[in-house]
Amino acid sequence: KLIPIGSPVRTQAIINRYFVKAKKNLGQNFLVDQGAIQGIVQAAKVVPGDQVIEIGPGIGSLTEQLLLAGAKVAAYEVDQDLPPILQTELPQEIKGQKLDQVFKLIMKDVLKADFGTDLADFFDLKQPVKVVANLPYYITTPIIFALAESDLNFTSLTLMMQKEVAERLAAHPGSKAYGPLTIAVQTQMQVETALEVNHRSFMPAPKVDSSVVVLKPLAQKPDVGDRKHFNRVVKTCFAQRRKTLNNNLKVFEKDKEQRAQLLADLGLDPQIRPEAVTIPQYIELAQKLSHK
Ligand code: SAM
C-alpha cells in the first residue's frame, strides 16, 4: 500500500518523477502534512456519499484523503500539467469504485465556474454539496464571494487560507482585524476557525502561517438593504481606520450638526471609531444613509 500523496517523501517522489515546479503565480504550495490534511477533512465533517467540490487539487494530497473518506469529488484546476499526475497518482480504486466514478477533474478557473452546468452529469444537485479547499491565496476573497453569490446549495465551505485573512473573516468588533471583509462575510455566513497550520506544512513553504476556516450560510441573513450601498457605506467608514466614525462620515454628510444627529439617532458615542461599530449598527447606519 502506498504512502499518502501528502507526505514529504511521496510528494518529493512525484516532483522528481514529473519534473513538477510549483507555480508561484498560481499560488501553488502543496500540503505535506497528514495532520493538517486530516484536520481539513475532519473540519469539513466529510462522510461517505458527500458531494465535495475541491478548488485547486494540485498533485492530489487533499483530494486523495477526501476520496478515502468516501466523498465524491469534483475538482477545479487550471494548471494543465496536473491532469496526468492526478490520474496516475490518485488511487485507481476506492472502496470498490473506479476513480472516474468518484472523481471528476474540471479544467477551469473556479471564478468562471458555472456550477449547475459543470456538475450536472456528476452530482445530484438536488442534494447539497460541501466545498473543501486549500485555496490559491492570491484569489481567496474573490473565491469566497463567488461561492457566496453562486446558486450552489452548499452546507459548508471549509477553506485553508492565510492566517491573517482568516483572522479578518472571524474578527469581532473592537479588534484590529475587524473591517469591511469581516462585515461583508459575516452578514452572509457564520465563521469558525477550525485549525492553524504552520507554514512548514507546505512544499514549498510560504512565508506566512495558514488557518482553516469553516463558513456556513446563516439560517437567517440580516437584511442589509442594497448590498452595494451597504458595502460602500462600510468601506467608507473604514477608509481612515484611525480616525473617528464621525470623521469618515463626512463623505456622506458634510453638515456637522446633521452628523452629530445621525450618531445620536444610532445611539453611538460621537468619538466612536469605525472598528467599535457592530454589524447591526452598520446595517442601521446604511439604512439611514440610503438616499446618499
Ligand atoms: N490542494 C493542493 C494541496 O493542498 O496540496 C494544492 C493547493 S495550492 C495552495 C492551490 C491550487 O489551486 C494549485 O493547484 C493551483 O494550480 C490551483 N489554482 C490556482 N488558481 C486557480 C483557479 N483560478 N481555479 C482553480 N484552481 C486554481
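Yeah, the sequence shown ends on 294 if you go by full-length UniProt numbering, and it's all consecutive. Backbone N, C-alpha and C fix where the C-beta goes; we use that ideal spot for every residue, glycine too. Fair warning: this is a prediction, and the values are worked out from it, not measured in the lab.
What do you get for residue i, buried or exposed, if any count of 16 or more other CB atoms within 10 angstroms of its CB means buried?
| i | result |
| --- | --- |
| Q158 | Going by the sequence as given, residue 158 is Ser instead of Gln. Buried. |
| P59 | buried |
| P182 | buried |
| D111 | exposed |
| I5 | exposed |
| E91 | buried |
| A262 | exposed |
| D52 | buried |
| G41 | buried |
| L220 | exposed |
| M109 | exposed |
| K47 | exposed |
Among all the DSSP beta bridges, which residues are the ones paired with residue i?
| i | result |
| --- | --- |
| A24 | A24 pairs with nothing; no bridge assigned. |
| V215 | L161 and T195 |
| V131 | F156 |
| F105 | V75 |
| E166 | Note: E166 sits in no beta bridge, so no partner. |
| K100 | E95 |
| N136 | M162 |
| Q53 | K74 |
| F204 | L33 |
If we ignore side chains and look at the alpha-carbon of each, how far apart do residue i and residue j end up?
| i | j | result |
| --- | --- | --- |
| F124 | E194 | 29 Å |
| N133 | R170 | The amino acid occupying residue 133 in the given sequence is Val; Asn does not appear at that position. Taking the straight line joining both Cα atoms gives about 20 Å. |
| K23 | S203 | 17 Å |
| L291 | F254 | 8 Å |
| P138 | I87 | 19 Å |
| V279 | D225 | 17 Å |
| K114 | R275 | 38 Å |
| A122 | D35 | 33 Å |
| Y8 | R244 | Rather than Tyr, the amino acid found at residue 8 in this sequence is Gly. Approximately 43 Å, taken between the alpha carbons. |
| E79 | N31 | 14 Å |
| D116 | K26 | 26 Å |
| L197 | L33 | 14 Å |
| K223 | Y20 | 47 Å |
| V11 | M205 | 11 Å |
For residue i, I'd like the list of residues in its chain whose CB is within less than 7 Å of its CB, leaving aside the five on either flank, ordered along the chain.
| i | result |
| --- | --- |
| E286 | L268 |
| Q289 | G227 |
| T246 | Q273, I274 and R275 |
| N200 | D211 |
| Q188 | I281 |
| L107 | A77, E79, P85 and L88 |
| D81 | K25 and L28 |
Take residue i and list the residues in its own chain whose beta-carbon comes closer than 8 Å to its own, dropping the five residues that flank it on each side.
| i | result |
| --- | --- |
| Q94 | K100 and L101 |
| Y284 | I185, F232, V235, V236 and C239 |
| T143 | V167 and L183 |
Taking 7 Å as the line, does the beta carbon of residue i fall inside it for any heavy atom of the ligand FAD?
| i | result |
| --- | --- |
| Y78 | This structure does not include the ligand FAD; its bound ligands are the ligand SAM. |
Could you confirm whether any beta carbon from chain B is found closer than 8 Å to the beta carbon of residue i?
| i | result |
| --- | --- |
| Q40 | Within the model displayed, chain B is absent; a lone protein chain is all it includes. |
State the CB to CB distance for the pair residue i and residue j, rounded to an integer number of angstroms; the pair is presumed to be in contact (CB under 8 Å).
| i | j | result |
| --- | --- | --- |
| K209 | M191 | That belief does not hold up - the Cβ atoms of K209 and M191 are roughly 28 Å apart, past 8 Å. |
| N249 | Q242 | 7 Å |
| A135 | I16 | At roughly 20 Å, the Cβ-Cβ gap does not stay under 8 Å, so A135 and I16 are not in contact. |
| I96 | L127 | Contact flag wrong, Cβ pair sits at about 22 Å. |
| L84 | I61 | 7 Å |
| Y180 | E277 | 5 Å |
| D153 | G176 | So it is not a contact: roughly 35 Å between Cβ atoms. |
| P50 | G72 | 3 Å |
Once you ignore the five residues that flank residue i on each side, which residues in its own chain have a CB closer than 6 Å to its CB?
| i | result |
| --- | --- |
| Q67 | I39 and V43 |
| Q14 | none |
| Y105 | Residue 105 is actually Phe in this sequence, not Tyr. If we look at F105 and ignore the five residues flanking it on each side, its Cβ neighbours are V75. |
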